[in-house]
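Residue numbers (the numbering used here): 676 to 1266. Think of the CB as a built atom: it goes at the ideal place given N, C-alpha and C, for glycine as much as any other residue. To start, the structure under review is shown below, and the notes come after it.
In C-alpha cells:
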C-alpha cells in the first residue's frame, strides 16, 4: 500500500530537519557521509529555520508518487517507511521531553496510514516503559494494510487500544485528554480533501480543547495539504513532525498557523526522488542563491555591474523613487539613473549623491507627460535594465506615455506599483511586455491586474502566480507573508524571510530597486529576483532584531541591506557544515 506523507514549516521558535535515521533504522543511513550534502544551522534573528538544500514543496499526489517509487522501484517496503516514521516521531518527542516517563501521553489514531504511524509511536513509548493511552477512531477490523500490521504488533506486546465506538469510550477520551500533558494527533494524513465531519470533527475539537502539548503526525488533522486555506476543523498543533518534504499547507498562511514548530523527518526516501526536476515548487533557501554572492573580480569596474534606469516619481511621491534607487545602489548596481518629472528632480538629486537624475517633461499635476517619450528613447540607450513604477502616478497622460514607451524597450524590465496599476487599465498589455519582464504586485495590485477580488487572490496566490507567469511568459512576484516567486517555466519559490514589521509603506519600492539591481548582476533572471526577495526579507529580519517591528520603516531595510548581503557573501566564501547525526534530528541551513 502506498503511504501518504508531508512537511511543515514552523512559524515560531526552532524549525529543524531530521536527516539521518541512525544505524538501527531500516533503509536509513548511519554514517556522517549520508548527511554531507546538508547544511549547518544558522540563526535568522529569533528563529532557527532549517531544511534540506533545495527543499521541494510537494502536493499530496507528488508525495504519493514518491512513496510508490520508493516501495516499488527502490524496494523499501511500506511497513518499513511506517516504522521509520513512527521511530522519528518518538525521537522528536523524546528530545522535547527528556523526562518522558513523567508525562501523561494520549494518542488519537485514525484507521489509515497516519494512524499506523501513531501506533508505531505508541509501541516505541510502550517499549521504553511508558504506557500511552491509545484511542482508535474506528473499529479494529476497519484498519487495513500497513496500519493493520502495526495494530497487531501493538496488541501482541500488550499495548491497550480503545475503539471509539461507544459513548463510554468517548467519555474516557474526554477525561484522558483533560489530564494529558502530551497528545499525539494521528487521525488524518495528507490525503484529506474535504472538511473533517462527524466524530472526526468531534475528536479534533476535543484535542484542541485539551491543554496538553499537541504533536501532529505529518500534518495537523483537518488540514488539506494542497491548499493554504482552512477547509474545516483542524488540530492546532504545537509541534508537527512531518515526513520527507513540505506541503503547501505547511508553508503558506493561514494553514501554516496550525503547524506550530516543525521537524522534517527522513524516513528513508532516496534524496534523488525528492530532487526530481519535475517537482517545480521549492522552499527558497540560502543554498538556492549562494552562488550569486561569490567575491567580485579584482579587475571589475562600475560598468561590470550594469546601469539601471529608474522611471519613477511624481509630485508628492518622490520618496518611492528615492528608496528604489538607493536600494539598487546598496544592492551593488554599478550606476543608477532616475528619470523623473522636472519638478521632482531637485528633491531626488539632493537625497542621494550617488544617484544620477534626468528631468523629463511633466503635466500640470507634476506627473510624467507624453512629451517625455523622445528623451526616454535616448535614455534607454546604453542601459542594462529598466525599473518602472515607484511613485509614478496613474495620471492618464502618464499612462499614455507608458503605453507608447513599452514597445521600445528591449531590456530586462521590472514593473511595480503605479506601473502595475497603469497596466491594469489595459491588461491585454501583459501579452506584449518586453522579455524578460518581472512584475511585483501585492495582492491588491494583482487583483486589479486580473479583475479578481483581493480575497480570491489571497485564497489562491500560489496557483495564480504559477498560471499567470506561464501564460504571459514573465516572472511574477506575489508579495506578502511567504512571498511567492514564479517563473515562466513553472518553477516556483516560496520565500521564508521577512516579518510583520515590513507591513509599512515603501518596502515594496525597496524590493523593486533591489530586484532590478540584481537583474544587472545575476545572469539567471528568476534566481536574481528570488535572491532579491530573500535578501529583502532578511534585511527586514535584521532590522527587526535591532528596532522591533512597530518602529520599522522602509528606510530601515536599506540601512540593513549591506549586513544582509554580507551574510550571503560570507557564506559564499565557504562556510563549513557543522553537523551531528547522533540523534537523527539535524539542524540544517537557514532559509
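Whole-angstrom distance between residue j and residue i, CA atom to CA atom
i            : j            : result
residue 929  : residue 979  : 43 Å
residue 966  : residue 952  : 19 Å
residue 1046 : residue 983  : 22 Å
residue 1097 : residue 874  : 52 Å
residue 1198 : residue 801  : 56 Å
residue 1248 : residue 970  : 7 Å
residue 931  : residue 905  : 10 Å
residue 709  : residue 919  : At residue 709 the pLDDT is 28, less than 50, meaning the model places this residue with poor confidence and gives no usable figure here.
residue 977  : residue 887  : 60 Å
residue 1063 : residue 975  : 27 Å
residue 1151 : residue 1102 : 15 Å
residue 821  : residue 813  : 16 Å
residue 1142 : residue 1202 : 19 Å
residue 818  : residue 771  : 30 Å
residue 769  : residue 762  : 10 Å
residue 1094 : residue 915  : 42 Å
residue 1195 : residue 1120 : 25 Å
residue 714  : residue 986  : Model confidence at residue 714 stands at a pLDDT of 34, short of 50, so the residue's coordinates are unreliable and nothing is read from them.
residue 853  : residue 1157 : 36 Å
residue 1207 : residue 1190 : 5 Å
residue 1221 : residue 958  : 26 Å
residue 1243 : residue 1160 : 19 Å
residue 1192 : residue 1108 : 19 Å
Under the three-state DSSP convention, the category residue i falls into
i            : result
residue 915  : strand
residue 922  : strand
residue 1100 : coil
residue 1306 : Coverage of the chain is limited to positions 676 through 1266, which leaves residue 1306 absent and any answer about it impossible.
residue 709  : Confidence at residue 709 is low in this model, with a pLDDT of 28, below 50, so its placement is unreliable and the value that follows should be read with caution. Here residue 709 sits in helix by DSSP.
residue 1246 : helix
residue 990  : coil
residue 765  : helix
residue 1117 : coil
residue 1177 : helix
residue 1160 : strand
residue 1080 : helix
residue 934  : coil
residue 1235 : helix
residue 1282 : With the chain represented from 676 up to 1266, any question about residue 1282 goes unanswered, as that position is not in the structure.
residue 1032 : strand
residue 984  : strand
residue 1059 : coil
residue 735  : helix
residue 717  : The pLDDT assigned to residue 717 is 34, lower than 50, so where the model puts this residue is not dependable; a value taken from the coordinates is nonetheless given after this. The answer is coil: DSSP assigns residue 717 none of H, G, I, E or B.
residue 861  : strand
residue 703  : Any answer about residue 703 is weak, because its pLDDT of 43 lies below 50 and its placement is not dependable; what the coordinates show is given next. Coil at residue 703, not helix or strand.
residue 824  : helix
Cβ-heavy atom distance, residue i to the ligand GDP, below 8 Å
i           : result
residue 883 : Among the components of this structure there are no ligands whatsoever, and the ligand GDP is therefore not found.
Run of the alpha helix (DSSP H) containing residue i, from where it starts to where it stops
i            : result
residue 876  : 873-884
residue 1005 : 993-1005
residue 1137 : 1136-1147
residue 814  : Neither: residue 814 is in no alpha helix (DSSP H) and is coded neither H nor E.
residue 1200 : 1200-1222
residue 1052 : 1048-1054
residue 1023 : 1020-1026
residue 962  : 961-964
residue 800  : 788-802
residue 1193 : 1182-1196
C-beta atoms of residue i and residue j nearer than 9 Å
i            : j            : result
residue 1267 : residue 870  : Given that the chain is displayed from residue 676 to residue 1266, the structure contains no residue 1267 and the question cannot be resolved.
residue 994  : residue 1184 : yes
residue 1268 : residue 1218 : No information on residue 1268 is available, as it lies outside the stretch 676 to 1266 that the chain covers here.
residue 1188 : residue 999  : yes
residue 876  : residue 902  : no
residue 956  : residue 1210 : no
residue 1226 : residue 963  : no
residue 737  : residue 729  : no
residue 1224 : residue 1175 : yes
Unbroken beta strand (DSSP E) run spanning residue i, endpoints
i            : result
residue 838  : 836-838
residue 1013 : 1010-1016
residue 832  : Where residue 832 is concerned, there is no enclosing beta strand (DSSP E), given that its DSSP letter is neither H nor E.
residue 944  : Per DSSP, residue 944 belongs to no beta strand (DSSP E) and is neither H nor E.
residue 784  : 780-784
Give a yes or no on contact between the segment 1002-1015 and the segment 1228-1243, applying the rule of three or more CB pairs nearer than 8 Å.
yes
On the three-pair Cβ rule with 8 Å, is the segment 857-865 touching the segment 780-794?
yes
I want to know whether the segment 1054-1073 touches the segment 1033-1042 - three or more CB-CB distances under 8 Å.
Touching, per the Cβ criterion.
Counting beta carbon pairs with one atom in the segment 1122-1137 and one in the segment 1078-1089, are three or more of them shorter than 8 Å?
no
Would you be able to state if there are at least three C-beta pairs under 8 Å between the segment 936-947 and the segment 1012-1027?
no
Counting pairs of beta carbons, one from the segment 1212-1226 and one from the segment 933-940, are three or more of them closer than 8 Å?
no
Would you check if the segment 1078-1086 and the segment 1113-1120 touch, i.e. whether three or more CB-CB distances between them fall below 8 Å?
Inter-segment contact for the segment 1113-1120 and the segment 1078-1086 is absent: fewer than three beta-carbon pairs are separated by less than 8 Å.
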